[in-house]
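Numbering (our numbering), first residue to last: 165 to 419.
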């Protein structure tokens with residue numbers, strides 16, 4: 165077990181990324197955050213803080229974009245990215261430490277080296293984790309909470325807030341770390357099948373009855389001839405208002 169503030173010893177050797185297409189988040193001041201498919205090439209490096217949190221996120225600085233457009237990250241975002249690149253006791257990598265946090269940063273590409281897509285919601289979840297620690301933990305102890313367990317707890321808090329937002333149809337972030345199936349798909353609610361390989365099933369509604377957390381699937385009971393099926397979250401749609409109301413009711417009952 166690592167001492168407080170030390171880099172967790174996490175082995176990602178068996179999940180190396182190959183040169184192929186993966187989802188990534190592109191971060192820029194004028195364009196905001198966009199999600200794209202890119203061909204991973206040279207120039208990416210792992211983000212130390214994310215390794216401590218339990219997932220292998222890599223970043224690449226797009227200097228050529230900055231040269232062509234003059235685009236740089238806005239100050240708050242730049243400072244946060246620099247903080248992600250720090251290692252406790254060592255600080256920033258030499259290649260990032262030219263002028264500290266005053267160094268301008270071009271737009272960035274971020275992609276996970278294990279091949280799991282890195283989405284806009286993942287980025288939002290990651291940035292709000294820092295704000296959460298700033299509000300809940302005194303400064304001296306914050307670095308102790310950059311652990312896989314603490315981040316998993318935060319993902320659940322973040323997704324729960326997204327699920328309570330009745331305007332948010334597809335709340336999701338770091339589902340490989342914490343699927344949050346019980347929050348995203350409360351038991352007893354109706355779910356509509358969408359985009360499955362069974363054309364006759366699509367558009368039909370069933371009742372959510374169970375979860376397979378290990379496989380990240382939801383058990384839905386449909387009328388015959390389909391019966392109980394285990395479906396991916398991406399193949400299910402539920403009413404966000406019904407979900408939000410159910411979660412609020414459950415919260416009130418537990419008071």
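We put the beta carbon where it would ideally sit given N, CA and C, even for glycine. As the structure is a prediction and not an experimental result, all values here were calculated from the model.
Inter-residue distance for residue 311 and residue 389 is about 46 angstroms (C-alpha atoms, whole angstroms). Between the beta-carbon of residue 366 and that of residue 357 there is about 5 angstroms, and that keeps the pair under the 8 angstroms contact cut. The three-state reading of DSSP puts residue 368 in coil, since its state is none of H, G, I, E or B. Within the same chain, and ignoring the five residues on either side of residue 198 in sequence, the residues whose Cβ sits closer than 6 angstroms to its Cβ are 190. Around residue 297, the same chain offers 306 and 309 as residues with beta carbons nearer than 7 angstroms, after the five sequence neighbours per side are excluded. Across the structure, residue 335 and residue 323 are spaced so that their CA atoms are roughly 6 angstroms apart. Rounded to the nearest whole angstrom, the CA to CA distance from residue 228 to residue 269 is 12 angstroms. Between the segment 313-330 and the segment 362-377, the count of C-beta pairs closer than 8 angstroms stays below three; the two stretches do not touch.
Residue burial annotation: residue 218 is buried, with at least 16 other C-beta atoms found within 10 angstroms of its C-beta. In the structure shown, residue 334 falls within a coil segment according to DSSP collapsed to helix, strand and coil. Taking a contact to require three or more Cβ pairs closer than 8 angstroms, the segment 236-246 and the segment 335-352 do not qualify as touching. The straight-line gap separating the alpha-carbon atoms of residue 253 and residue 280 is approximately 29 angstroms. The beta-carbon separation of residue 226 and residue 272, rounded to 7 angstroms, stays under the 8 angstroms limit for a contact. Boundaries of the alpha helix (DSSP H) harbouring residue 232: 227-233, taken from the DSSP string. Within the model, the alpha-carbon separation for residue 383 versus residue 408 is close to 20 angstroms. Annotation for residue 383: the continuous beta strand (DSSP E) segment containing it runs 381-385. Nearest Cα to residue 341 within the set 368, 212, 290 and 373: 290. Rounded to whole angstroms, the gap between the alpha carbons of residue 369 and residue 329 is 22 angstroms. The shortest C-alpha to C-alpha distance from residue 351 to any of 410, 282 and 326 is the one to 410. In the DSSP assignment, residue 375 forms a beta bridge with 382. Looking at the DSSP output, residue 223 shares a beta bridge with 209 and 274. A distance below 9 angstroms separates the beta carbons of residue 392 and residue 385.
For residue 291, the uninterrupted alpha helix (DSSP H) run begins and ends at 284-300, by DSSP. For the pair residue 397 and residue 343, the CB atoms are nearer than the 9 angstroms cut-off. In summary, residue 373 is exposed, with fewer than 16 beta-carbon neighbours lying within 10 Å of its beta-carbon over all protein chains present. In terms of Cβ geometry, residue 220 and residue 251 do not form a close pair [threshold 9 angstroms]. Apart from sequence neighbours up to five positions away, the residues of its chain that approach residue 261 with a beta-carbon distance below 8 angstroms are 255, ordered along the chain.
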